[in-house]
Structure formats: C-alpha cells, structure tokens
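Let me begin by presenting the structure, written as structure tokens, before commenting on it.
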Amino acid sequence: MLRPYSLACLWLLAAVSWALAHAAAASPAVWPQFRGPGGSGISPGGPWPTHFGPRSNLVWKVPVPSGHSSPCIWGERIFLTGFESNRLVTLALDRRNGRLLWRRELEPVKLERGAPLGSPATATPATDGQHLAVYFGSFGLACYSFEGAELWRKPLPPPITQHGPGTSPVLAGHRLILQCDQDMDSYLLAVDVRTGQTLWRTDRPGFRRGFSTPLPWPATAPELVVAAGTLRLIAYDLRQGTVRWWVRGLPNEMVASPIAGEDLIFVAGWTHGAGVSRLPSFTQLLQAGDRNADGQLSQAEATGPARAHFGYIDADKDGLITRAEYEAIAAIFNASQNVCLAIRPGGQGDVTESMVVWKQTRGSPYVPTPLCYEGRVYLVKNGGLASCFDARTGQVHYLEERLGALGDYYASPVAGAGKLCAVSHQGVAVVFEAGDTLRVLARNPLGEQVLATPAIVDGTLYIRSKTSLWAFTESAAR
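So the number in the numbering used here is just where the residue sits in the sequence shown, counting from 1, plus 48.
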C-alpha cells in the first residue's frame with residue numbers, strides 16, 4: 049500500500065511531466081538566425097526528406113526577391129530579406145503555405161559595392177520571438193515587430209570592402225551583435241534590440257575585410273561573443289565588449305563562422321593568400337612599375353601580387369598603394385594559415401599554445417561554415433569535397449571525399465535526424481549520412497542556383513534559390 053507522501057510524490061511527478069510535455073508542445077518551431085539555434089546548423093526536430101525536388105516532396109514554392117539571406121523562422125512565420133527595384137525589402141511569410149503576410153522597404157543610403165555574385169541582401173535576419181532585426185550593408189540595422197511595425201532604425205556607414213558584407217546579426221538575450229570587418233576601421237557592435245541604443249562598440253585594429261558571423265557562447269546563457277577574422281579568433285565579454293582571450297593561426301580573410309559543440313569552439317578557413325611566403329619587396333615593385341617616381345603604386349603601375357590584390361592592399365581606397373599598406377598586407381599573408389582548429393574556451397590573453405585542442409590543415413572551406421554533429425566535425429569545400437573529423441580529438445574519419453556534385457559551395461551544410469544536407473552553387477542538394485564514412489543518400493537537383501544556407505524546422509527543409517523559396521517535407525508525398 050502506498051503511503052500518503054508516496055502518493056503525493058507520484059502526483060507531483062505526474063504534474064511536472066505533464067507540464068514539461070505541454071511546454072515542449074507549446075514551444076514554437078524556431079530557426080531564429082543564420083544557421084539556426086545557437087548558429088549550430090542543426091535541427092532538433094523530426095525526420096526531413098532525403099529525396100526532394102521540383103516534383104518530389106514539394107509542399108510549396110513561392111517567388112522571392114533576389115538575395116542570399118537564409119530563412120529566419122519563428123512559429124508559423126518565415127522572415128527573409130531581399131533586394132528589388134533598388135529597395136531593401138524585409139518579408140514575412142506564412143510558414144504553412146508561403147503566403148506573403150507583410151513587406152517592408154528601406155531605401156539604400158548608398159548602395160555598397162559588391163562581388164558579381166554578391167547581393168545587398170546577404171545578411172540573415174535574427175529574432176527572439178518579439179523583435180525581428182535585419183541588417184543591410186547599404187543601410188544599417190532596423191527592427192520590426194512580428195506584425196511588421198518598425199520599432200527602430202540605426203543607419204550605419206556602408207562597409208569598406210571589395211565584396212560587400214557577408215556577416216549576419218545575432219542575438220544574445222537583448223543584445224544584438226554585429227561584426228563589421230572591413231578594409232579599415234573594423235569593429236564589433238552591440239545594440240539593445242528593444243531600443244536600437246548602442247550598448248558598446250569595440251574597435252578591431254589589425255582586422256581587414258571579413259565575412260564571418262559572430263558566435264555568442266555558451267548558447268544557453270552567453271557570456272562571450274566569439275569573432276573570427278584576420279589571423280585571429282577573439283572572445284569578447286558580452287556585457288562590455290572587452291577582450292577576454294584570443295587564438296592566432298587563422299587565414300588572412302575569414303568567411304566561415306565559428307561554431308560550438310562538445311564543449312569546444314571550432315573555426316575553419318581557407319584563402320588564396322595563405323601560404324604566400326615569398327612576396328617581392330615594395331622596393332622591387334617600385335623599381336618595376338613606379339613610372340612617375342612618387343614612391344607609390346597606382347593600379348596601372350602595379351605588377352605581380354600588387355596588381356592581383358590591389359583592392360585588398362589599398363586600405364584607404366585612394367587608388368594608390370603605399371609602402372605601409374603593402375608591407376602590412378605582406379606580413380598578414382606571411383602569417384596566414386588554412387586550418388580547422390578546435391579550441392577549449394577559457395583563459396586570458398593569448399591562449400594559442402594552451403587552448404588549441406587539435407588542428408587540421410586540409411579540407412577547410414572558403415565560404416561554408418563547419419558543422420559539429422553527433423560528435424563529429426564536417427567540412428564541405430568547393431568541388432563538392434567533404435571531410436569529417438572526430439570533434440574531440442581531430443582524428444580523420446574521411447578527408448576530401450567527393451559528394452558527387454561539382455562546382456562551388458557557398459551555402460553551409462545543415463543537419464538533423466542523422467543526416468546532413470549540402471547544396472552546391474548549381475543547386476544540387478546532396479544528402480549524406482552522419483557517420484565515420486561518407487555515404488551519400490541522394491543528390492537532388494533543383495534547377496536553380498543556390499547561395500543561401502538552408503533551414504530545417506519541424507521536418508520541413510527550406511531552401512532559397514535564385515528566384516524562389518522552397519519548402520520540402522516527406523508528408524508532401526502522402
């Protein structure tokens with residue numbers, strides 16, 4: 049016979065279990081920022097389709113303005129940015145059918161210069177379920193309610209970079225973090241998402257152009273914001289923006305973003321500049337091309353690496369390369385490394401020697417961010433080459449094996465339900481199994497170019513292509 053206190057305990061346990069179950073059921077489906085919850089690229093939801101395409105497992109497909117931002121999802125709403133008719137647009141769509149709920153426009157202050165494949169709508173929105181924050185390099189920051197009311201706007205100067213911005217804003221509590229790495233005057237900014245008020249701004253001296261998105265760490269109760277850039281990864285105090293610690297040994301230009309998993313932080317990067325150990329001296333370049341003998345090089349006078357990297361070396365964009373500008377870049381190129389690092393967070397100051405757990409020098413991507421899933425770190429690089437390492441030890445499971453979809457890769461891989469999805473620029477979505485060996489499950493051609501990273505919510509895979517937003521789920525076939 050159960051005693052009264054035993055019955056009370058059972059009743060309490062049942063009540064707690066019921067409350068937890070209903071709380072979980074009531075929790076909205078979310079993919080709240082670039083690469084989803086915590087920037088992980090991982091969906092905790094149910095199975096999503098392995099095979100999909102224009103005639104397979106397609107729930108809906110809707111036209112959207114041009115842009116490379118990823119879907120930002122909260123509950124039954126999808127938020128997306130775009131560029132159309134010289135306007136910077138923010139869209140809210142119904143997640144169930146893709147129907148447009150509202151559209152808001154901003155006029156560019158000055159349309160920033162970008163790469164041929166770039167877009168003024170590259171940054172993915174970020175939301176906390178109440179505020180929707182968007183960033184456009186040609187305008188700055190703006191914030192909307194879920195009903196589309198503008199809450200505030202914060203104009204910012206267009207970034208000084210050859211390719212346009214690539215970073216996305218991220219939220220850590222009420223702090224909205226934006227990393228602006230550019231050819232001069234790089235900085236990290238924290239804004240109160242409720243008001244748009246600047247909480248702190250920290251200069252990043254020595255950091256040149258970069259396209260990485262910062263990482264609040266740890267995800268559950270962030271204390272730090274981790275930012276990767278020229279040659280270094282730096283952890284800043286989230287409250288004050290002061291530097292806590294840093295690690296050396298990155299490439300001269302970072303595009304991929306840092307990620308977290310297994311109590312470690314992972315960062316991977318690759319650039320053409322890494323490993324350039326022998327550059328001609330500036331004196332040699334002057335002797336070869338300085339026709340007006342002014343001690344500087346115009347673009348017409350530049351030869352060799354000075355011509356090839358003119359836009360990068362000319363930091364102040366005055367059309368001339370000075371000795372100081374050239375020698376600063378030469379030092380950066382000489383120190384640049386193509387790597388994948390695993391870092392144990394902690395310490396003070398330079399922790400390169402004490403906190404780097406492992407390092408790999410092959411397999412690193414140029415654009416796609418790594419993914420840490422089920423104890424493994426996955427990398428996907430141009431050419432459709434995939435690598436997999438043990439997250440804790442760096443042991444190679446496989447290295448630069450072919451996914452069977454050639455071409456460049458700009459979208460970062462995402463994962464869930466024991467498998468990963470990597471989409472090539474040509475629009476072939478490769479689904480492969482999570483594990484120690486590469487096993488491709490499907491190659492799904494969409495017939496359109498893809499640069500945006502997909503999102504997975506509640507078993508539905510969302511992919512933005514050049515002209516459309518697609519929603520795929522297995523239930524669509526039933």
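C-beta: ideal position from N, C-alpha, C; glycine also.
In chain order, what residues of the same chain lie with their CB nearer than 6 Å to the CB of Gln178, ignoring the 5 residues before and after it? Answer for Gln178: no residue qualifies.
Helix, strand or coil: how does DSSP classify Ser513 here? In the structure shown, Ser513 sits in coil (DSSP, three-state: anything other than H, G, I, E or B).
Looking only at its chain, what residues have a beta carbon closer than 8 Å to the beta carbon of Ser402, apart from the 5 residues adjacent to it on each side? Excluding its 5 nearest sequence neighbours in each direction, Ser402 has C-beta neighbours in its own chain below 8 Å: Gly395, listed in chain order.
Contact defined as beta carbons within less than 8 Å: I believe Gly511 pairs with Ala477. What is the distance between those atoms, to the nearest angstrom? The displayed chain sequence assigns Ile, not Gly, to residue 511. About 7 Å separates the two Cβ atoms, so the contact holds.
Out of Ser104, Phe358, Thr175 and Val387, which has the shortest C-alpha to C-alpha gap to Gly404? Inspection of the sequence shows that residue 404 is occupied by Val rather than by Gly. Among Ser104, Phe358, Thr175 and Val387, the Cα nearest to that of Val404 belongs to Val387.
Could you check if Val291 belongs to the surroundings of the ligand ZN, using beta carbon to heavy atom distance under 6 Å? For the structure depicted, the ligand ZN is absent and the ligand set is empty, with no information on it obtainable.
Under three-state DSSP, which class holds Phe184? Correct three-state label for Phe184: strand.
Close Cβ partners of Ile377 (< 6 Å) along its chain, the five nearest in sequence each way excluded: Within the same chain, Ile377 has close Cβ partners Ile361.
Please state if the CB of Gly93 and the CB of Asp506 are separated by a distance shorter than 7 Å. Taking 7 Å as the Cβ cut-off, Asp506 and Gly93 qualify as a contacting pair.
Please report the straight-line C-alpha distance between Ala459 and Thr501, rounded to a whole angstrom. In a straight line, the C-alpha of Ala459 is about 4 Å away from that of Thr501.
Can you tell me whether DSSP reads Glu481 as helix, strand or coil? Looking at Glu481 - three-state DSSP - the assignment turns out to be strand.
State the beta-bridge partners of Lys429 as determined by DSSP. As a beta-bridge residue in DSSP terms, Lys429 pairs with Leu433.
Check Glu271 in the structure and name its three-state DSSP category. It is coil, neither helix nor strand.
Exposed or buried, what is Gly367 when buried is set at 16 or more other beta-carbons lying within 10 Å of its beta-carbon? Gly367 is exposed by the Cβ-count criterion.
Using a threshold of 7 Å, state whether the C-beta atoms of Leu204 and Cys191 are closer than that. Against a cut-off of 7 Å, the Cβ pair of Cys191 and Leu204 comes out as no contact.
Relative to the C-alpha of Arg252, which candidate in Gly289, Gln245 and Glu375 has its C-alpha closest? Ranked by how close their Cα comes to the Cα of Arg252, the residues Gly289, Gln245 and Glu375 have Gly289 in first place.
Just to confirm my understanding: we take Ser116, look at its own chain, exclude 5 residues before and 5 after, and list those with CB closer than 6 Å. What are they? It is worth fixing the name first, because residue 116 is His in this sequence and not Ser. Taken in chain order, the residues that qualify are Ser167, Thr170, Leu499 and Ala500.
Residues bridged to Ala276 [DSSP beta-bridge criterion]: Note: Ala276 sits in a beta bridge opposite Leu281.
Buried or exposed for Ser329, please, with buried defined as at least 16 other CB atoms from any protein chain shown within 10 angstroms of its CB. Exposed.
What does the alpha-carbon distance come out to for the pair Ala482 and Gly101? Distance from the CA of Ala482 to the CA of Gly101, rounded to the nearest whole angstrom, comes to 22 Å.
For Leu159, which of Cys469, Ser133 and Ser305 has the nearest alpha-carbon? Restricting attention to Cys469, Ser133 and Ser305, the CA atom closest to the CA of Leu159 is found in Ser133.
For Arg487, count neighbouring C-beta atoms within 10 Å of its own C-beta (all shown protein chains included) and say buried if the count is 16 or more, exposed if not. Under this definition Arg487 is an exposed residue.
My output table needs one value for Ile225: the three-state DSSP class, helix, strand or coil. In the structure shown, the three-state DSSP call for Ile225 is strand.
Checking 7 Å against the spacing of the C-beta atoms, do Cys120 and Phe131 come in under that value? With contacts defined as CB atoms closer than 7 Å, Cys120 and Phe131 fail to qualify as a contacting pair.
If you draw a straight line from the alpha carbon of Leu219 to that of Thr261, how long is it in whole angstroms? In this structure, the alpha-carbon of Leu219 lies about 11 Å from that of Thr261.
Check Arg296 in the structure and name its three-state DSSP category. Three-state result, Arg296: strand.
For the stretch 321-386, list the alpha helix (DSSP H) runs that are entirely contained and at least 4 residues long, ordered along the chain. For the stretch 321-386, whole alpha helix (DSSP H) runs of length 4 or above, ordered along the chain, are 330-337, 352-356, 358-361 and 371-383.
Measure from the alpha carbon of Glu301 to the alpha carbon of each residue in His222, Ala283, Leu333 and Thr215, then state which is nearest. Of all alpha-carbon atoms in His222, Ala283, Leu333 and Thr215, the one lying nearest the alpha-carbon of Glu301 is that of Thr215.
Neighbourhood of Val112 by C-beta, 8 Å cutoff - its chain only, sequence neighbours within 5 removed: Contacts found: Leu128, Gly130, Leu139, Arg512, Thr515, Ser516 and Leu517.
My output table needs one value for Gly397: the three-state DSSP class, helix, strand or coil. Of the three classes helix, strand and coil, the one that applies to Gly397 here is strand, per DSSP.
Do Ser114 and Cys156 count as a contact pair if the criterion is CB distance below 7 Å? According to the sequence provided, residue 156 is Pro. The question's Cys does not apply to it. Pro156 is not a Cβ neighbour of Ser114, given a cutoff of 7 Å.
Tell me which same chain residues have a C-beta within less than 6 Å of the C-beta of Ala519, skipping the five on either side of it? Its chain contains Val107, Trp108, Thr508 and Tyr510 as the residues whose beta carbon lies nearer than 6 Å to that of Ala519, once the 5 sequence neighbours on both sides are disregarded; these appear in chain order.
Residues sharing a beta bridge with Arg410, DSSP: Paired residues: none, contrary to the question.
Length of the line joining the Cα atoms of Glu349 and Leu224: Using only the alpha carbons, I get a separation of about 44 Å.
Bounding residues of the beta strand (DSSP E) (the contiguous stretch that carries Asp142): Looking at the DSSP string, the run of the beta strand (DSSP E) that includes Asp142 is Arg135 to Asp142.
Grouping DSSP H, G and I as helix and E and B as strand, with all else coil, what is Gly214? It is coil, neither helix nor strand.
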